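In this text, residue positions in the sequence shown follow my numbering: the first is 88, and each later residue adds one. For every residue, glycine included, the Cβ atom is placed at its ideal position computed from N, Cα and C. Computed from a predicted structure; not experimentally measured.
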Amino acid sequence: MMLDKIANQPVIETERFDLRPLRKSDQGLIAMHAGDVRVAKNTSAVPHPYPPGAAEAFVTRAQKDDRVEDIWAIDGTKSGGPEVMGLISLKRMDRSQSEIGYWVAPAFWNTGLASQAVGALIEANPQKCKTVFGQVFQDNAASARVLTNCGFEYLGDAETFSVARNAKVPTWTYSRKLD
Numbered sequence: 088m089m090l091d092k093i094a095n096q097p098v099i100e101t102e103r104f105d106l107r108p109l110r111k112s113d114q115g116l117i118a119m120h121a122g123d124v125r126v127a128k129n130t131s132a133v134p135h136p137y138p139p140g141a142a143e144a145f146v147t148r149a150q151k152d153d154r155v156e157d158i159w160a161i162d163g164t165k166s167g168g169p170e171v172m173g174l175i176s177l178k179r180m181d182r183s184q185s186e187i188g189y190w191v192a193p194a195f196w197n198t199g200l201a202s203q204a205v206g207a208l209i210e211a212n213p214q215k216c217k218t219v220f221g222q223v224f225q226d227n228a229a230s231a232r233v234l235t236n237c238g239f240e241y242l243g244d245a246e247t248f249s250v251a252r253n254a255k256v257p258t259w260t261y262s263r264k265l266d
């Protein structure tokens, strides 16, 4: 019998949900939500259509000891919600900096979930960051509001490649100092 490997990262508790490391049992919900074109097109790395086995490979990478990105499930079971309402991550950069990334399942859009998750992760600061950066597509104003609601300041425009869109997409870049 193979037990789930628990990633070396903290569980961050809020009243509404917990941010917890990914586990193998999350694969189905991750595949379902990431397979939604509305989610995929608002990310740079999620492909559409979402290929078979992608969620399994994603969870396996998230559980590696030598990973550069910590990924948490936004788990709503404590308030009667599903085990995966979205994902949030911090990717390590140099000089005590990280980049935040997140997506929320469409059923939870416009509920404040993303702002609460970003706020909880920033407050916990599990990577002991001095600065956190975030980048959102310019056609996703709701995601930009999440960052500004959580104290991020606009830095400038850029562009990044979106796998689901198969195109470069204009972005806004934000940062927040934590020290």
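Collapsed DSSP secondary structure at residue i in the structure displayed
| i | result |
| --- | --- |
| residue 154 | coil |
| residue 181 | coil |
| residue 106 | strand |
| residue 162 | strand |
| residue 143 | helix |
| residue 255 | strand |
| residue 149 | helix |
| residue 121 | helix |
| residue 265 | coil |
| residue 245 | strand |
| residue 99 | strand |
| residue 176 | strand |
Residues near residue i by beta carbon distance below 6 Å, same chain, minus five either side
| i | result |
| --- | --- |
| residue 249 | 131, 256 |
| residue 124 | 135 |
| residue 206 | 237 |
Length of the line joining the Cα atoms of residue i and residue j
| i | j | result |
| --- | --- | --- |
| residue 168 | residue 215 | 30 Å |
| residue 115 | residue 142 | 7 Å |
| residue 228 | residue 183 | 28 Å |
| residue 208 | residue 253 | 30 Å |
| residue 100 | residue 106 | 6 Å |
| residue 172 | residue 138 | 20 Å |
| residue 104 | residue 174 | 12 Å |
| residue 204 | residue 263 | 15 Å |
| residue 151 | residue 233 | 29 Å |
| residue 217 | residue 120 | 32 Å |
| residue 158 | residue 261 | 20 Å |
| residue 144 | residue 200 | 26 Å |
| residue 129 | residue 259 | 13 Å |
| residue 155 | residue 190 | 19 Å |
| residue 212 | residue 140 | 31 Å |
| residue 108 | residue 153 | 15 Å |
| residue 197 | residue 231 | 13 Å |
Assigned exposure category for residue i - 16 Cβ within 10 Å defines buried
| i | result |
| --- | --- |
| residue 225 | exposed |
| residue 245 | exposed |
| residue 147 | exposed |
| residue 97 | exposed |
| residue 177 | buried |
| residue 241 | exposed |
| residue 221 | buried |
| residue 149 | buried |
| residue 194 | exposed |
Same chain only: Cβ atoms within 8 Å of residue i, ignoring 5 sequence neighbours per side
| i | result |
| --- | --- |
| residue 170 | 112, 113, 116, 160, 162, 163, 164 |
| residue 180 | 186, 220 |
Other residues of its chain near residue i: CB distance less than 7 Å, five sequence neighbours each side excluded
| i | result |
| --- | --- |
| residue 266 | 217 |
For the stretch 181-243, which segments carrying the beta strand (DSSP E) assignment without a break, of at least 3 residues, lie completely within its bounds, in sequence order? Counting only runs of 3 or more, we get 184-191, 218-224.
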